[in-house]
Amino acid sequence: MNSLLYIIAVILIIGWAIGFFFMAVGSLIHVLLVIAVIALVLGLIRRPTAI
494 MNSLLYIIAV
504 ILIIGWAIGF
514 FFMAVGSLIH
524 VLLVIAVIAL
534 VLGLIRRPTA
544 I
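Here the sequence shown is numbered in our numbering, starting from 494 and rising by one per residue.
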């Protein structure tokens, strides 16, 4: 499940970068960035820590 979150986050960050540089989609692209950041944070929080 963690790898799925990272894949989604990477795809959303790439989409944000493309939209940011080409300004084609407007404010929707920033929503994608926020969703990607949330997915990364959830992935870091849910990662099991081995001691």
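Even glycine gets a Cβ: it sits at the ideal position worked out from N, Cα and C.
| Item | Value |
| --- | --- |
| Whole-Å CB distance - leucine 526 paired with isoleucine 506, under 8 Å assumed | 7 Å |
| Proximal residues to isoleucine 528 (C-beta, below 7 Å), its chain only, five neighbours per side dropped | Leu505 |
| Supposed contact pair leucine 533 and alanine 502 - C-beta distance, whole angstroms, cut 8 Å | 5 Å |
| Leucine 497 beta carbon less than 8 Å from that of leucine 535 | no |
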